[in-house]
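Data first, discussion second: the structure below is written as structure tokens.
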Amino acid sequence: MITDVSHIDVPTATPDTAEVVLAARNIAKSFGAVQALKGVNFDIHRGQVTTLFGENGAGKSTLMKILSGVQLPTSGEILVDGVPVTLSSTTDALNFGISIIHQELSLAPNMNVRDNIFLGREITGPTGVNFAEEERQARNLMQELEEDIDPLTLVEDLRLGQQQIVEIARALSVNSRILIMDEPTSALSASEVEVLFKVIRDLTARGVSIVYISHHLEEALQVTNHAVVLRDGAMTAYAPRSEIDLEWIVRNMVGENFDLGAPPSGYAFGAPALEIKDLSVADASGTGLAVDRLNLTVNAGEVVCIYGLMGAGRTELMECAAGRMSAAHGHVLLHGQDVSRLTIAQRIDAGLVLVPEDRQRDGLVQTMSVGTNLSLASIRAFTKRLFTSRSAEDVIIADTIRDVTVKTDGPDAMIGSLSGGNQQKVVIGKMLATSPSVILLDEPSRGIDIGAKAEVFGLLAERARQGIAVVYTTSEVGECLSIAHRIIVMSRGRISAEFTQNVTKEEIMAASGEAVVA
954 MITDVSHIDV
964 PTATPDTAEV
974 VLAARNIAKS
984 FGAVQALKGV
994 NFDIHRGQVT
1004 TLFGENGAGK
1014 STLMKILSGV
1024 QLPTSGEILV
1034 DGVPVTLSST
1044 TDALNFGISI
1054 IHQELSLAPN
1064 MNVRDNIFLG
1074 REITGPTGVN
1084 FAEEERQARN
1094 LMQELEEDID
1104 PLTLVEDLRL
1114 GQQQIVEIAR
1124 ALSVNSRILI
1134 MDEPTSALSA
1144 SEVEVLFKVI
1154 RDLTARGVSI
1164 VYISHHLEEA
1174 LQVTNHAVVL
1184 RDGAMTAYAP
1194 RSEIDLEWIV
1204 RNMVGENFDL
1214 GAPPSGYAFG
1224 APALEIKDLS
1234 VADASGTGLA
1244 VDRLNLTVNA
1254 GEVVCIYGLM
1264 GAGRTELMEC
1274 AAGRMSAAHG
1284 HVLLHGQDVS
1294 RLTIAQRIDA
1304 GLVLVPEDRQ
1314 RDGLVQTMSV
1324 GTNLSLASIR
1334 AFTKRLFTSR
1344 SAEDVIIADT
1354 IRDVTVKTDG
1364 PDAMIGSLSG
1374 GNQQKVVIGK
1384 MLATSPSVIL
1394 LDEPSRGIDI
1404 GAKAEVFGLL
1414 AERARQGIAV
1424 VYTTSEVGEC
1434 LSIAHRIIVM
1444 SRGRISAEFT
1454 QNVTKEEIMA
1464 ASGEAVVA
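Following the working numbering from start to finish, the sequence shown increments by one per residue and tops out at 1471.
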């Protein structure tokens, strides 16, 4: 039976009989008049994965900081092995075997794996640091994790997934019993996610407990033993894996049955807006093709989703179409006109825009305000003869904040003060402010919660009704079956399949070359 705990102080029963290594009882946290956590209760079981689900602002980060000793609760208590403890610092947490791996990895890229694992707590001998012993222990840790990573390799030379393994090895080197993982797969490829999940299963088999936080709901369900759902600082539900599914998680996160929408309807598509003809794009090595002789036509008012595994060529296709990468062969046409030789700025002026995959690096200027970020791409609209019209700029900013429903204290607020979902709205709004006829979006939902994701997809569907051609990529198969009229599956730089909404997730995954588990 699912335990709905929104009306009680402590769980009336644990989801299973596994040993409880940590218990949270009536945890509350206030920041002035703001109550970030409201009487949260749950158990962490030995050798099992407890996943925290919730939208941005639900209280996950605050709870994580309390468990890892960064913050003290305003009230309530933490029990480790049944004994009340005070976690007033990360050192206290480490002493009780609690470690955390943050979404932004804390490794030193210019140091090797061995030195990163023992950074700040070096093994010393009579003559100084005992590098040989550190290397031996580092190799043993990698063997335990069944990873072939040389301890003397520089971290900057490792793939992101391997860097994640080094973080885990560092946590295990201090005999962590409880490992908190914050968005561990947000930037990993599908194959790296599988490696990480194998490591998680191996760790739990050895008795290590995992606290897992992720916006990738379907993915998280693959490793979850118990689910804790937070909404507005309160725990709305707590249940074992056997009694939950995706719909249950979303319902408890947002308070109602919820989906990402449906393809916009009630109108006819217009003429072809974007045509990609026989396009090839070189891969990063320069010796092969990331996109191989690809052809695609998207009509005005049509929403097209491009799905594929990492390395399928999705990002290269989008960036080449937008002018960020050069084509090795082929052409890009906008309303019948060849734009292949135009610069990025010229393509934006012509009506072809891109929302990039990495909004932090490529979509926003972190040192600027919300308003300035919104108006950057539209500067020609309020600039004449090197003079800018502040009033015209203010109109563009105000209209865009309203149209894409950015939640902000105002246009002068720094962009970093916004949630991930609202930052993504700023990137999308910035490009929509240029009045495009075609908008390309590379992984538009990456790193944002389910509520913000629904708002973004709703926004795109509305723009399609207004006649804009919308093309978005995704690595989450569930997002294919939302607002897209057509689903394009890519594999090894080519289109391997094309579907309408009358298709199953399994068929989409199979077309991409992804293993389908029955």
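The C-beta atom is built at its ideal place from N, Cα and C for all residues, glycine as well. Bear in mind the structure is a predicted one, so any value in this text is a computation, not a measurement.
query = Could you give the C-beta distance for residue 1292 and residue 1300, rounded to a whole number, given that I count them as a contact under 8 angstroms?
reply = Here the question's residue 1292 lines up with position 339 in the sequence shown. Here the question's residue 1300 lines up with position 347 in the sequence shown. Confirmed, about 6 angstroms.
query = Should residue 1412 and residue 1440 be called a contact, given that it needs their Cβ atoms to be closer than 8 angstroms?
reply = Position 459 of the sequence shown, counting from 1, holds the residue named residue 1412. Position 487 of the sequence shown, counting from 1, holds the residue named residue 1440. Cβ distance not < 8 angstroms, so residue 1412 and residue 1440 don't count as in contact.
Cβ distance (whole Å) where residue 1045 is taken to contact residue 1022 below 8 angstroms = Here residue 1045 corresponds to residue number 92 of the sequence shown, with the count starting at 1. Here residue 1022 corresponds to residue number 69 of the sequence shown, with the count starting at 1. Confirmed, about 5 angstroms.
query = Span of the alpha helix (DSSP H) holding residue 1283?
reply = Within the sequence shown, residue 1283 is the residue found at index 330, counting from 1. Premise fails: residue 1283 lies in the beta strand (DSSP E), 1282 to 1287, not in any alpha helix (DSSP H).
key: residue 1360 - DSSP class collapsed to helix/strand/coil   = In the sequence shown, residue 1360 corresponds to position 407, counting from 1. It is coil, neither helix nor strand.
query = Where does residue 1150 sit, in a helix, a strand or coil, going by DSSP?
reply = To locate residue 1150, count along the sequence shown from 1; it is residue 197. The answer is helix: DSSP assigns residue 1150 an H, G or I state.
request  = Can you tell me which of 1166, 1406, 1049, 1391 puts its alpha carbon nearest to the alpha carbon of residue 1358?
outcome  = Position 405 of the sequence shown, counted from the first residue, corresponds to residue 1358. Measuring from the Cα of residue 1358, the nearest candidate turns out to be 1406.
inquiry  = Tell me the DSSP secondary structure of residue 1348 in three-state form.
reply    = In the sequence shown, the residue the question calls residue 1348 occupies position 395. In the structure shown, residue 1348 sits in a helix (DSSP, three-state: H, G or I).
inquiry  = Whether or not the stretch 1210 to 1228 and the stretch 1429 to 1438 are in contact is what I'm after, with contact meaning three or more pairs of Cβ atoms, one per stretch, closer than 8 angstroms; do they touch?
reply    = yes
ask   = Can you tell me the Cα-Cα spacing of residue 1283 and residue 1247, whole angstroms?
value = Position 330 of the sequence shown holds residue 1283. Position 294 of the sequence shown holds residue 1247. Near 9 angstroms, if we compare the C-alpha coordinates of residue 1247 and residue 1283.
inquiry  = Out of 1337, 1094, 1004, 1253, which one is the CA nearest neighbour of residue 1202?
reply    = Here the question's residue 1202 lines up with position 249 in the sequence shown. Nearest option by C-alpha distance: 1004.
query = Going straight from the alpha carbon of residue 1019 to that of residue 1012, what length do you get?
reply = Locating residue 1019 in the sequence shown gives position 66, counting from the first residue. Locating residue 1012 in the sequence shown gives position 59, counting from the first residue. Using only the alpha carbons, I get a separation of about 11 angstroms.
message = Using only the alpha-carbon positions, how far apart do residue 1396 and residue 1259 sit?
response = Position 443 of the sequence shown holds residue 1396. Position 306 of the sequence shown holds residue 1259. Between residue 1396 and residue 1259, the C-alpha separation is close to 10 angstroms.
inquiry  = Assess contact between the stretch 1354 to 1370 and the stretch 1387 to 1401, defined as three or more Cβ pairs (one per stretch) separated by less than 8 angstroms. Is contact present?
reply    = no
task = Confirm, please, whether the CB-CB distance from residue 1141 to residue 1117 is below 8 angstroms.
result = Start at 1 with the first residue of the sequence shown, and residue 1117 comes out as number 164. Start at 1 with the first residue of the sequence shown, and residue 1141 comes out as number 188. Yes; because the gap between Cβ atoms is below 8 angstroms, this pair is in contact.
request  = Would you identify the three-state DSSP class for residue 960, choosing helix, strand or coil?
outcome  = Translated into the one-based positions of the sequence shown, residue 960 becomes position 7. Any reading at residue 960 must be qualified, since the residue scores a pLDDT of 36, below 50, and its modelled position is unreliable; the value itself is stated next. The answer is coil: DSSP assigns residue 960 none of H, G, I, E or B.
query = Nearest-angstrom Cα distance between residue 1402 and residue 1007?
reply = Here residue 1402 refers to the residue found at position 449 when the sequence shown is read from its first residue. Here residue 1007 refers to the residue found at position 54 when the sequence shown is read from its first residue. Straight-line Cα distance between these residues: approximately 8 angstroms.
key: Selected residue, minimal CA-CA separation from residue 1026, among 1036, 1042, 1035   = Within the sequence shown, the letter at position 73 stands for residue 1026. Taking only the C-alpha atoms, the option nearest residue 1026 is 1042.
message = Using a 10 Å radius around the Cβ and a threshold of 16 neighbouring Cβ atoms, would you call residue 1369 buried or exposed?
response = Numbered from its first residue, the sequence shown carries residue 1369 at position 416. Flag for residue 1369 reads exposed.
query = Would the beta-carbon of residue 1052 fall within 8 angstroms of that of residue 1102?
reply = Working through the sequence shown from its first residue, we reach residue 1052 at position 99. Working through the sequence shown from its first residue, we reach residue 1102 at position 149. Going by C-beta atoms, residue 1052 is not nearer than 8 angstroms to residue 1102.
query = Roughly how many angstroms separate the alpha carbons of residue 897 and residue 1054, rounded to a whole number?
reply = Absent from the model: residue 897. The displayed extent of the chain is 954 to 1471, so no value can be given.
key: Residues bridged to residue 1305 [DSSP beta-bridge criterion]   = Within the sequence shown, the letter at position 352 stands for residue 1305. DSSP, once it has assigned bridges, lists 1391 as partnering residue 1305.
query = Cα separation between residue 1423 and residue 1058?
reply = Here the question's residue 1423 lines up with position 470 in the sequence shown. Here the question's residue 1058 lines up with position 105 in the sequence shown. Approximately 33 angstroms, taken between the alpha carbons.
query = Is the stretch 1437 to 1456 in contact with the stretch 1239 to 1258, if contact means three or more CB pairs nearer than 8 angstroms?
reply = yes
ask   = Exposed or buried, which one is residue 1065 when buried takes at least 16 other CB atoms within 10 Å?
value = On the sequence shown, position 112 is the one that residue 1065 refers to. Buried: at least 16 other Cβ atoms inside 10 Å.
ask   = By Cβ distance, which residues of its chain are closer than 7 angstroms to residue 1269, with the 5 residues on each side in sequence left out?
value = Within the sequence shown, numbered from 1, the residue matching residue 1269 stands at position 316. Correct list, in chain order: 1234, 1243, 1244, 1278.
inquiry  = In this structure, how does DSSP classify residue 1451 when only helix, strand and coil are distinguished?
reply    = Here the question's residue 1451 lines up with position 498 in the sequence shown. The answer is strand: DSSP assigns residue 1451 an E or B state.
Residue 1369 (DSSP reduced to helix, strand or coil) = Walking along the sequence shown from the start, residue 1369 turns up at place 416. If DSSP states are grouped into helix, strand and coil, residue 1369 belongs with the helices.
request  = Please state whether DSSP places residue 1187 in a helix, a strand or coil.
outcome  = In the sequence shown, counting from the first residue as 1, residue 1187 sits at position 234. Three-state result, residue 1187: strand.
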